[in-house]
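What follows is one structure encoded as structure tokens, with my remarks underneath.
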DNA sequence: GAATTCAATGCAATCGATTGCATCAGTCTC
DNA sequence: GAGACTGATGCAATCGATTGCATTGAATTC
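Chains as they are written, first to last, in this note's numbering: chain A, 1 to 342; chain B, 343 to 684.
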């Protein structure tokens, strides 16, 4: 019976190369501090033994895990998964791993201490504006500054670094597009109330209506849940009202899709009877029937920028004096779900 | 200036409760080994100090990270993100964190040693059948058995544990459905060649055609890439052939959507002119126009079962004598993209 | 040639939690 | 009342990598 081979440690490499563990460590992290001959011998020993670093030991010693945590309300949502992809790319390029937590609304305290305070992750990418960030910041009473970047959905706390889309302006552009097409009776399917993005988009909707001298019909402002099912329900409620708008600004593409789907079942056509503009430009938007007019959010960029900012903060290892706020623009993509009024 | 407060260690708690660190550790992991009075004092001290365990230290000592790694070709794909959601749920229920690696095709060696051999993750959930699992298994020459479960897309190596859908049978059912509707001229949009699922679905397609005495027209079997874009391209190629099938089995829903979209642009209607059946039942399938008939894969179950299996293997900490293969069924969901021939 | 400098390397402490073994104070038994 | 036993707790080694300080030997300077 062969004794179970253990993964080689830095000591094994040292023995192999007839140097001390310290030298091996230096070859690995600061090669120019070691003479060339020794360096080569050590590198050979690393190859021979098949050594790989033990991250747990390294993390313990360095008090850093080289890992970030991405937390989202629901990773299953394609919107977040696109961002996750960008986050992973950026993070792994800088030598960081990515831990993912989903459904964080359910027990914030639990995952919070589970991950952050336990040296499992060095920083947090937060994609949920409904979370109480005061508590997060309050955690670090010494003032060290828990590395934290909020993205996509801005938390109300202005002390938190953030990378977001200018939701209000984007909403205004979407509604202006409808107004530009001659629509005057315009509805809005809004997102769930805990969401900050929803509020901004609603404000943008109202602002665009206001600047055009149009009044908002409350019966045409219905709440959804950012999913397709709720888009259908929203259509139902709107169909039950006394009259119908000629155009609708949906808070996101999923709701737009559900909305249009329901319209069709009711014998109404988009865009013939009602124009619909969505938000996000999800993957299926150009392939839907009709192809969706929508505000494209730069999801890659949100993920990349937020990750870069977080890792910069982690590596600067200093309290952030001033919170940083990055605001990205959204682009109107005109397809076929909107057309001239009348 | 207050010195930077460090996160409290088990020593701090011990001092606070006037016991040894060993006792604190025991209170935390085997409470009944400690007298009730001490236990309460320690628990109080834990609360007072705000202690949280240092995972790095724990991992180092226990040689276990309580973390699993999910690797997929592209996490941005909604298909994987749904599974990821299930994986996270199951894993966190058992006290494990989830690391995510994406685009693993690009440099398998790198992430492999980065994660697995470095005590960062205790096991691997592999969602990419195109990866060379021999190498993975070969890593552990001592015979310890790298905990590994392949899911969704089965690798060719039968030594690997797996949780997959019965792709061949599912494909047969899909095609039988078309045949049952009277179709005889049936095409197939297949997935990318590296994919094992693609091969199985193709075999199922051929088997179903064969059992009905139908011949496969090679011009109607076109390759795609599992995304919508490639579904359009597939439609283009089929439209360029001498004649058209009356029904098509698409290797997944994304390609079905792209395919139908392209047909519409060419003045053809689904299902009037061509029936299309997809695969997966992605979120948008019921809301598409026409709502997609498709084979529903139990994605939650794939994620949950695979995770459970992996953690069982990790915790059993023994070489798996016999690889386990779980095969799940797929369900035909009939909507409106298929109808009677003629 | 002695003194100074510098590059290369080793020594040993450290990070924080776990656990086998030792110790200690009661309790029980005959 | 002495020995045996038991339950509760502490001691100290351990996991593997990093790094400040010490040491060595060689090169350089006057």
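Yeah, the Cβ is synthetic: ideal placement off N, Cα and C, and Gly gets one too.
query	result
Beta-carbon contacts of residue 324 of chain A that lie in its chain and below 6 angstroms, excluding the five residues immediately before and after	161
Between the CA atoms of residue 196 of chain A and residue 154 of chain A - distance to the nearest angstrom	6 angstroms
When B/545, B/375, B/494, B/524 are compared against residue 510 of chain B, the one with the closest alpha-carbon	B/545
Uninterrupted beta strand (DSSP E) stretches inside the segment 490-522 of chain B (no shorter than 3 residues)	490-493, 503-507
Residues of the segment 595-612 of chain B whose Cβ lies closer than 7 angstroms to any Cβ of chain A, in chain order	599, 600, 603, 606
Assigned secondary structure, residue 275 of chain A (DSSP; H/G/I helix, E/B strand, else coil)	strand
Coil, strand or helix - residue 201 of chain A by DSSP	helix
Spatial distance of residue 695 of chain B from residue 531 of chain B (CA atoms)	As shown, chain B starts at 343 and ends at 684. That puts residue 695 of chain B outside it, with no answer to give.
Pairwise C-alpha distance: residue 199 of chain A and residue 193 of chain A	8 angstroms
Chain B contact residues for residue 98 of chain A, given Cβ-Cβ distances below 7 angstroms	441, 442
Reference residue 124 of chain A, options A/71, A/87, A/82, closest by Cα	A/71
Spatial distance of residue 65 of chain A from residue 56 of chain A (CA atoms)	8 angstroms
Closest by C-alpha distance to residue 122 of chain A, when choosing among A/98, A/128, A/104	A/98
Pairwise C-alpha distance: residue 100 of chain A and residue 76 of chain A	12 angstroms
Nearest-angstrom Cα separation, counted from residue 386 of chain B out to residue 673 of chain B	53 angstroms
Cut-off 6 angstroms between Cβ atoms - residues of its own chain near residue 126 of chain A, not counting five sequence neighbours on either side	71, 150
Residue environment, residue 354 of chain A, which counts as buried when at least 16 other CB atoms sit within 10 Å	This structure leaves residue 354 of chain A out entirely; chain A is present only between 1 and 342.
Close Cβ partners of residue 229 of chain A (< 8 angstroms) along its chain, the five nearest in sequence each way excluded	258
Contact the segment 297-306 of chain A vs the segment 77-88 of chain A: 3+ CB pairs below 8 angstroms	yes
Within-8 angstroms CB hit, residue 462 of chain B to chain A	yes
DSSP-derived helix/strand/coil call for residue 362 of chain B	coil
Rounded separation between residue 624 of chain B and residue 420 of chain B - CA only	8 angstroms
Which of helix, strand or coil DSSP assigns to residue 188 of chain A	strand
Test: residue 228 of chain A CB closer than 8 angstroms to a CB of chain B	yes
Cβ of residue 29 of chain A within 8 angstroms of any chain B Cβ	no
Proximal residues, the segment 389-415 of chain B versus chain A, C-beta separation under 7 angstroms	394, 395, 396, 397, 398, 399, 401, 402, 407
Three-state secondary structure (DSSP) of residue 282 of chain A	coil
Residue 524 of chain B to residue 598 of chain B span [Cα, whole Å]	20 angstroms
Distance between beta carbons of residue 605 of chain B and residue 616 of chain B, contact taken as under 8 angstroms	6 angstroms
Contacting residues, own chain, Cβ-Cβ under 8 angstroms from residue 391 of chain B (five flanking each side not counted)	350, 354, 355, 358
8 angstroms Cβ cut-off: residues of chain B touching residue 75 of chain A	423, 426, 427, 430
Beta-carbon contacts of residue 1 of chain A that lie in its chain and below 6 angstroms, excluding the five residues immediately before and after	Its pLDDT being 30, under 50, residue 1 of chain A is placed unreliably in this model, and the value from its coordinates should be taken loosely. Excluding residues within five positions, none has a Cβ falling inside 6 angstroms.
8 angstroms Cβ cutoff, residue 156 of chain A in contact with chain B	no
Local conformation of residue 328 of chain A per DSSP, three classes	strand
Residue-level contact to chain B via CB, residue 283 of chain A, 8 angstroms cutoff	yes
Neighbourhood of residue 336 of chain B by C-beta distance below 7 angstroms, restricted to the same chain and skipping five residues each side	Because residue 336 of chain B is not part of the residues shown, which for chain B are 343 to 684, the question remains open.
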